[in-house]
Amino acid sequence: MKHRVSNLLNRSSAGTGWAIRRRLKVDGFPVIGAPDAGDTAWMLASAALVLLMTPGLAFFYGGMVRAKNVLNMIMMSVSAMGVVTVLWVLFGFSVAFGDDKGNLIGDPTQYFGLKTVFGGADQGNVLADVETSVPLFGTIPLSVFVAFQLMFAIITVALISGAVADRLKFGSWLVFAALWATIVYFPVAHWVFAFDGYTGEEGGWIANNLKAIDFAGGTAVHINAGAAGLVLAIVLGKRGGWPRTPFRPHNLPFVMLGAGLLWFGWYGFNAGSAVGSTAAAGNTFLTTTIATGTAMLAWLLVEKIRDGKPTSLGAASGIVAGLVAITPSCSSVNALGAVIIGAVAGALCALAVGLKFKFGFDDSLDVVGVHLVGGLAGTLMVGLVAAPESYAGVKGLFYGGGIEQLKLQAVGAGAVLLYSLVATAIIAYALKFTIGLRASEENEAIGLDESEHAETAYDFAAMGGSSALGHATRKEG
410 MKHRVSNLLN RSSAGTGWAI RRRLKVDGFP VIGAPDAGDT AWMLASAALV
460 LLMTPGLAFF YGGMVRAKNV LNMIMMSVSA MGVVTVLWVL FGFSVAFGDD
510 KGNLIGDPTQ YFGLKTVFGG ADQGNVLADV ETSVPLFGTI PLSVFVAFQL
560 MFAIITVALI SGAVADRLKF GSWLVFAALW ATIVYFPVAH WVFAFDGYTG
610 EEGGWIANNL KAIDFAGGTA VHINAGAAGL VLAIVLGKRG GWPRTPFRPH
660 NLPFVMLGAG LLWFGWYGFN AGSAVGSTAA AGNTFLTTTI ATGTAMLAWL
710 LVEKIRDGKP TSLGAASGIV AGLVAITPSC SSVNALGAVI IGAVAGALCA
760 LAVGLKFKFG FDDSLDVVGV HLVGGLAGTL MVGLVAAPES YAGVKGLFYG
810 GGIEQLKLQA VGAGAVLLYS LVATAIIAYA LKFTIGLRAS EENEAIGLDE
860 SEHAETAYDF AAMGGSSALG HATRKEG
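Each residue of the sequence shown is one higher than the one before, counting from 410 in our numbering.
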């Protein structure tokens, strides 16, 4: 990501008559620039694609739970869209992308209420369109970048819900989502995604000081959410009957549909992180496809060897594992590197999902095994298979680059992992001993769809009544 923003800053074209220059406070001159229509269109599409990932996740998770909890599972993802959006407008974007404060957070007041994002007299330390004074992020309107990054925040919070399926009170989930986004995600996004001189004069420490490569969120999204899921699963405790009672997915077509939507939306996630319709977007689009397909096959191979049969659930899980692992590395590897990352992620995550049985934590839908383990693998493997001809231009260990980049990757991943573990534990225990986290045994037995939402996903009684009525009508006739 560091390379992509520096390229945007230095980019110019006499043919299109536009140029970009970074404004520093010592300049004394106005910022000049103009938005690029192609880049703007691609980033609008990418934002929509990333938003689509959240409904995709809702189907993916919803299909894996029992029928009595599917609506609750879907609601946890959908509700994150509302909670995070409001917080993002109020202060989330400021904390993530405002001027750095102590290497920890952005200035929470800089863009409070998204002031100046739509224009205004004082646009701070950002580019502006020379003709319209509309604030820019590189070659796109700042408002488009704000929307794009909002979608990342939403999906990250939603990912956590898979670890606590079947037993977390919905009201407690809403409070947790708000607190976790504020205390954990927004600051970590600042560390990883906020680069100097774009939306703030100084950005986050991982992006600018450490210079670990995380192109689209292996640390900020997947390691972060996976660590939070682990803590929350431990604090909540096991589902009644687990692991003695097998909890089978109630709707595997939902799971496959969700995986397909996630794969489709992930192109906005990864290729959209190029912040423009550039060669970098094309390269990351391709490496994402390669790693994902390879990971799916690797997961199925592990299933065949271990269990005797490849499964549709394994295919869907392998798809997600590959997407997770290629997220931080999609700009820094070539095609062969993408194959290696996909193969390692698919096999490793297929084995890692069994850790919950060995260590006794009930990670209901394998957030830890897929997102934490996959995120760690993808982030660390940048230090091994990063190719000099890739967009990032970094040499990994296998290309003669030594272990320096691997060290940087490990520090970045470790810092996010540790912070998320500790901060999530504080939030979870605070809620457990105040408003409570877990649904009652009675409500868990009834199902959270009825006990939390007074609804059921499948109204079999009504279906039976319609059938009986039709039969009676035909008989009387």
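Beta carbons are placed, not taken as given, at the ideal position from N, Cα and C, and that holds for glycine.
Small disclaimer: the values here were computed from a predicted structure and weren't measured.
Quick check on residue i: does DSSP put it in helix, strand or coil?
i	result
ILE549	strand
PRO544	strand
LEU513	coil
GLU610	coil
ALA680	helix
SER503	helix
PRO439	Annotation note: pLDDT 33 at PRO439 (below 50); position unreliable, coordinate value reported separately. Residue state, collapsed to three classes: coil.
ALA637	helix
GLY717	coil
PRO352	Because the chain spans 410 through 886 in this model, residue 352 falls outside it and cannot be assessed.
LYS765	helix
TYR867	coil
ASP448	helix
CYS739	coil
ILE835	helix
LYS816	helix
THR687	coil
LEU774	coil
VAL604	Reading off the sequence, residue 604 comes out as Phe, not Val. The answer is coil: DSSP assigns PHE604 none of H, G, I, E or B.
THR788	helix
THR565	helix
ALA704	helix
ALA730	helix
PHE673	helix
VAL526	coil
ILE622	coil
HIS659	coil
For residue i, count neighbouring Cβ atoms within 10 angstroms of its own Cβ and tell me buried if that reaches 16, exposed if not.
i	result
PRO439	Unreliable positioning characterises PRO439 in this predicted model, as indicated by a pLDDT of 33, which lies under 50. The coordinate reading is nonetheless provided below. Under this definition PRO439 is an exposed residue.
ILE812	exposed
SER849	exposed
TYR470	buried
VAL495	exposed
LYS767	exposed
LEU827	exposed
ASP772	buried
TYR838	exposed
PRO464	buried
LYS578	buried
LYS713	exposed
PHE842	exposed
VAL820	exposed
GLY731	buried
ILE750	buried
GLU851	exposed
ALA854	exposed
ILE844	exposed
ASP868	exposed
GLY667	buried
PRO402	It is not possible to answer for residue 402, since the shown part of the chain is limited to 410 through 886.
GLY515	buried
PHE602	buried
GLU611	buried
On a Cα-Cα basis, can you pick out the residue from the options that is closest to residue i?
i	options	result
THR525	TRP600, THR608, SER581, LYS841	THR608
ALA744	SER799, ALA621, ARG847	SER799
PHE585	PRO517, VAL791, SER570	SER570
VAL825	ALA598, PHE807, LEU466	ALA598
ALA456	MET484, ILE483, VAL504, PHE554	PHE554
THR628	THR701, THR463, HIS780	HIS780
ARG475	PRO737, ALA759, LYS713, ASN660	ASN660
LEU639	VAL831, VAL498, LEU709, ALA688	VAL831
VAL644	ASP445, MET490, GLY856, GLY769	GLY769
ALA587	ALA688, LEU857, VAL498	VAL498
PRO655	VAL504, LEU466, LEU774, SER488	LEU774
MET485	LEU619, GLY580, ILE592	GLY580
GLY856	THR548, ALA567, ASP575	ASP575
GLY511	VAL782, MET482, TRP600	TRP600
ASN633	PHE869, GLU853, GLY507, THR788	THR788
ALA796	CYS739, GLY784, PHE595, GLY447	CYS739
PHE546	LEU583, LEU559, PRO444	PRO444
MET462	GLY626, VAL493, GLY669	GLY669
LEU793	GLY784, LYS804, VAL566, LEU785	LYS804
SER682	TRP589, VAL753, THR736	THR736
TYR594	HIS631, GLY606, ALA747	HIS631
ILE728	LEU671, ILE549, THR865, ARG648	LEU671
VAL887	ALA689, PHE527, ALA567, THR548	Because residue 887 is not part of the residues shown, which for the chain are 410 to 886, the question remains open.
Have a look at the DSSP bridge pairing and note the partners of residue i.
i	result
LEU577	ARG847
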